[in-house]
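Protein chains in written order, with our numbering: chain A, 97 to 353; chain B, 97 to 353.
Notes for the one structure printed next.
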DNA sequence: ACAAAAGTGTTTATAATACACCCATGA
DNA sequence: TCATGGGTGTATTATAAACACTTTTGT
C-alpha cells in the first residue's frame, strides 16, 4: 500500500470510529533477562508511542485492542487484559500532536482535526513471546522496537504513565497472569523461569526455595537434561502442564519467596 | 426546577458532553451487617440503574464521577476508584432504552438520539457511610435507595454485571482500600468491624484471631467501654488512627483469617 | 449462679526463609 | 581436582488456625 492509499484508508477508518476514545496497548515481552515493551517511533521525530487504535462503531473495545496487537505482532490468540482507562483532559496536547503530524507529513484537515480531539484511552496489557513476533511498522512510524523497561525512550502524551501503570498491574496481578507460559519459550530451565520472576518482581529470589515451591505446584513437566557444554551440572529442561497451569491460575499461583 | 426546565438543561448538558462515553458509579455502603448498593428506579418502570453521568468536554473523567456522587449523596471528598471500563457493543440496547424513555416521558428527539448511541462506560467504585448520605433523586427516577447486595433489583443494560465486577474489585483489593474508615461510623466495636469484614469476604472469621491481628496493627485507638445494658461484658469502643491507617494501606492491610 | 459475649492465652499446623550439602560437568 | 552451578535437604522463624480459659455484666 502506498502513502496516498494509506492516507485515504485511514480517513475512512476514522470516519467509522467512535470519537474521543482509543485503546493503547502495552505489549510486554521478555528477553536478555529484562522485561521489554513494544514501542513505535514517529517518522522524523524522537518521539515514541505505544501501539494504539480507534474503536469502530460496531466493534467491541477488546476486539479493537486485539486487532492492533495482531497487526503489530503477527500473532493470534494473544493474552491481553484491560488495566486502566486514562480520562484526564490534560492528557491531550494539541501542540505536540500538531508538531508530530507535521513532521510525519500529514496535511489532511480531517486527520489533523481528528487528532486534535480530547481522547479518553483504555489501556490494555498484553503478554507475548518476543521470538514469535513479526513486527509491523506503518506509514506514521519509522520503526517498531522492543525497549527494556529500565531504558525507555521519550514517549508522546502520557504514554510513559500508561506503561508504568501497566507494569504495576503486571506486578500486582502476577499470581493471576499466565506470565510463564506467555513470556518464555515452550522449553526452559528453572533458572530461566526464576530470572523471569525476578525481572517482574524486581528482587532476587532464593534458588532452592523457588525450585521447591514451583515444582510442588505440579505445573511443570520435567524433560531431559540440557547439554550446555558448560563446566557444571546440566540443568533439567521443563515445559508447562498447560491444563494444570490454567486451572491453578484461577485461584492465583503465589510464589513470592 | 420544573420538568421543562430540567429537560432543556439536560439537552444543554449533553451538547457539551463527549459522545459515546459515560461513567457509572457503584456506590457501596454498609448497614444491618450487609453491603449496600445505591440504586435509582426509573419512573413508571420496574427497572433500576446505577447513578451515572456523561463527561463534559473539558472535564476529567474522575471529576465527572465525583460530581455525580456529590449530587446523589450530598457528600464531598468521597473515596472512589475506577475499576473497569465496559466497552462491548452488546451493552447498548436501543429497544430497552426507547421503552424506558417513553415511560419516563421523554419525547425530545435530541435526547432520544443521544441515548440511542453505543456507549462505553467506565465504572467507579465509591465507599460511603450510608448514615451521612442525603440521597437525591431526579426527573428520570421515582426513587433512590440502598439495596442489599444479595437482594438486588432488576437493572437496565449491563448494570448488574457492573455491580458484580465492582464487588469483586472490592474483595480483591480489600487490603488496599479504606473499607473500615469509609463504611463504618467514627466509633465502633471490634465486633462491628469484624462483621464488616465478614460481609465483604463472605465468610466467618475467628473472633480471637481477628481481634489480636487487627489490634497488633496499631491502627485502632481504644476508647471507653460501651454501656449496653446487655447481660455480658461491655465491649470497648474504638476509632481509627487515621494517620497510621492510611500509612499502612499503602502496602496493604492484610488480615484474612 | 448462670448465660452470654468480650478479652486474652495456648497449642498445633503450615509456610517462609536462610543456608548447607552433595552432585554433575568441563577445564 | 577444582570451580561452577544444579538439585535437594534441614533448621529456624514467622504466621495461620483452632480453640480454651477467664472476665464482665444483667438476670
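Where is the CB? At the ideal position from N, CA and C, for every residue including glycine.
Keep in mind that this is a model prediction, so the values were computed, not measured.
Check: Residue 261 of chain A, enclosing alpha helix (DSSP H) - first and last residue; Outcome: 255 to 269
Check: Short Cβ contact (8 Å threshold) for residue 187 of chain A with residue 120 of chain A; Outcome: no
Check: Reference residue 319 of chain A; option with closest CA among A:243, A:283, A:270; Outcome: A:283
Check: Interface residues of the segment 106 to 135 of chain B facing chain A [CB-CB below 7 Å]; Outcome: 114, 115, 116, 117
Check: Chain-ordered chain A contacts of residue 193 of chain B [CB-CB under 8 Å]; Outcome: Under the 8 Å cutoff, chain A gives no residues; its nearest Cβ is about 17 Å from residue 193 of chain B.
Check: Residue-chain proximity (residue 157 of chain A, chain B), Cβ-Cβ < 8 Å; Outcome: yes
Check: Residue 125 of chain B versus residue 275 of chain B - alpha carbon distance; Outcome: 10 Å
Check: Cutoff 7 Å; reference residue 258 of chain A; Cβ partners in own chain excluding five residues on either side; Outcome: 120, 122, 146, 182, 219
Check: For residue 194 of chain A and residue 209 of chain A, the rounded distance between their alpha carbons; Outcome: 10 Å
Check: Any C-beta of chain B under 8 Å from that of residue 168 of chain A; Outcome: no
Check: Min CB distance residue 183 of chain A to chain B below 8 Å; Outcome: yes
Check: Closer than 9 Å at the beta carbon, the chain B residues around residue 214 of chain A; Outcome: 114, 153, 154
Check: DSSP state of residue 327 of chain A mapped onto helix, strand, coil; Outcome: coil
Check: Any C-beta of chain A under 8 Å from that of residue 178 of chain B; Outcome: yes
Check: Inter-residue Cα distance where the pair is residue 270 of chain B and residue 117 of chain A; Outcome: 30 Å
Check: Contacts of residue 207 of chain A in chain B (Cβ-Cβ under 8 Å); Outcome: The premise fails here: residue 207 of chain A is roughly 19 Å from chain B at the closest Cβ pair, so nothing lies under 8 Å.
Check: Proximal residues of chain A, C-beta to C-beta of residue 218 of chain B below 9 Å; Outcome: 181, 183, 216, 218
Check: Rounded straight-line distance, which links the Cα of residue 206 of chain A to that of residue 111 of chain A; Outcome: 9 Å
Check: Of the residues A:177, A:241, A:189, the one placed nearest residue 158 of chain A, counting alpha carbons only; Outcome: A:177
Check: Residue 215 of chain B - DSSP class collapsed to helix/strand/coil; Outcome: coil
Check: Buried or exposed (CB count within 10 angstroms, at least 16 for buried), residue 131 of chain B; Outcome: buried
Check: Inter-residue Cα distance where the pair is residue 297 of chain A and residue 267 of chain A; Outcome: 6 Å
Check: Exposure label - residue 308 of chain A; buried when at least 16 CB within 10 Å; Outcome: exposed
Check: Contacts around residue 221 of chain B, its chain only, beta-carbon distance under 7 Å, and the 5 residues preceding and following it disregarded; Outcome: 122, 124, 176, 177, 179, 262, 265, 266
Check: Residue 346 of chain A versus residue 174 of chain A: straight-line alpha-carbon distance, rounded; Outcome: 18 Å
Check: For residue 153 of chain A and residue 115 of chain A, the rounded distance between their alpha carbons; Outcome: 9 Å
Check: Rounded separation between residue 202 of chain B and residue 138 of chain B - CA only; Outcome: 12 Å
Check: Residue 248 of chain A (DSSP reduced to helix, strand or coil); Outcome: coil
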